[in-house]
Each structure stands twice: as structure tokens, then as C-alpha cells.
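Residue numbers (this note's numbering): 1 to 77.
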């Protein structure tokens, strides 16, 4: 398998993971929105804020990785 093919595969996989992370975050938001008192009563709002931070860090890292793959494929990396 060529390097470009591998990079394309990794980039597609990173894109898939990004979509899954966003869906996970949205699902958690919907879960909390269904019963706003649940978040307040259980501290889940703090968990959501922390989860959002981690998920956005992961999304940033995936975006950087995909950009690096594209740069390498185009000969810039």
C-alpha cells in the first residue's frame, strides 16, 4: 500500500471518528436537554462541560492530523 493510499485511509478514518465524536456530544446534549433538572441535580452539567472540552480537543487533533495528511500528500509536509 502506498504512502498516499495510507494517508487517504487515515484521513477518511479520522473524518469518521470526528463524525462519531460530534454525534456523541450531540446525544449527550439531547439527553440532558430532555430533563434540564437532571443536569442540575446530578452535576451532569459539569460532566458535559468537561466532556465537551475533551471532545473538542480530540476534534482539533483530528483536524490537525487530516491537514497534515493532506500536506504530506501534496508534497508540503
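Don't be surprised by glycine CBs; every beta carbon is placed ideally from N, CA and C. Because the structure is a prediction, the values reported are computed rather than measured.
Which of helix, strand or coil DSSP assigns to residue i
i	result
residue 2	coil
residue 75	coil
residue 60	helix
residue 35	coil
Buried or exposed by the 16-neighbour rule on C-beta atoms within 10 Å, applied to residue i
i	result
residue 53	exposed
residue 11	buried
residue 24	exposed
residue 22	exposed
Member of the options whose CA lies at the smallest distance from the CA of residue i
i	options	result
residue 18	33, 72, 74 and 64	64
residue 58	6, 3 and 14	14
residue 20	31, 2, 62 and 67	62
residue 48	37, 3, 29 and 69	29
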